[in-house]
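Engineer: My structure is below; once you've seen it, I'll send some questions.
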């Protein structure tokens with residue numbers, strides 16, 4: 274069994290502006306979102322990550338974010354989930370509780386407000402993590418957390434995660 278579990282949280286890249294008839298869920302990546310992902314693609318070879326399992330929102334910009342980065346995760350099992358679009362931090366925690374303990378590294382590709390609240394739920398309050406003045410993770414930001422593994426994905430306590438690193442594309 275590993276010493277620590279690794280959790281990667283990736284906010285989807287920026288979506289295009291929608292129209293009045295378009296649901297937010299259906300917004301594709303914008304040009305700026307594609308530029309953000311280009312910066313992330315330059316970062317990943319220098320800071321390789323290897324999730325064994327990826328949970329990805331089915332929102333169009335999240336799926337496109339995954340598609341743009343999929344070459345980095347060619348041997349990773351991916352599960353696309355509708356509920357990640359409007360998931361709360363507690364829903365994300367429940368999702369982790371369902372993961373088999375033989376899996377050591379997980380990535381969630383989701384959406385900013387819930388991802389930041391999830392980090393705040395997991396990391397001790399003495400660790401300051403502010404992604405953005407609006408208290409949300411900027412688009413295409415990547416956070417790496419490590420969690421104690423002795424109890425598996427179901428048994429760790431809140432505020433026990435360590436912020437290992439993070440990447441925020443400057444555009």
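In the numbering used here, the protein residues as written are 274 to 444.
Glycine included, C-beta positions come from ideal geometry on N, C-alpha and C.
1. Where does residue 317 sit, in a helix, a strand or coil, going by DSSP?
2. Taking all protein chains shown into account, do 16 or more other C-beta atoms lie within 10 angstroms of the C-beta of residue 384, making it buried, or fewer, making it exposed?
3. Quick check on the burial criterion: 16 or more other C-beta atoms within 10 angstroms. Buried or exposed for residue 341?
4. Quick one: is residue 352 buried, meaning 16 or more other Cβ sit within 10 Å of its Cβ, or exposed?
5. Assuming residue 281 and residue 322 are in contact, meaning their beta carbons sit under 8 Å apart, how far apart are those beta carbons, in whole angstroms?
6. Does the separation of the CB atoms of residue 304 and residue 382 fall below 8 Å?
7. Going by DSSP, what residues sit across from residue 327 in a beta bridge?
8. Residue 287: buried (16+ other C-beta within 10 angstroms of its C-beta) or exposed?
9. For residue 426, I'd like the list of residues in its chain whose CB is within less than 7 Å of its CB, leaving aside the five on either flank, ordered along the chain.
10. Residues in its own chain within less than 6 Å of residue 433 by CB, not counting five upstream and five downstream?
Structural biologist: So, from the data block:
1. coil
2. buried
3. buried
4. exposed
5. 6 Å
6. no
7. 351 and 380
8. buried
9. 278, 369, 370, 372 and 374
10. 421
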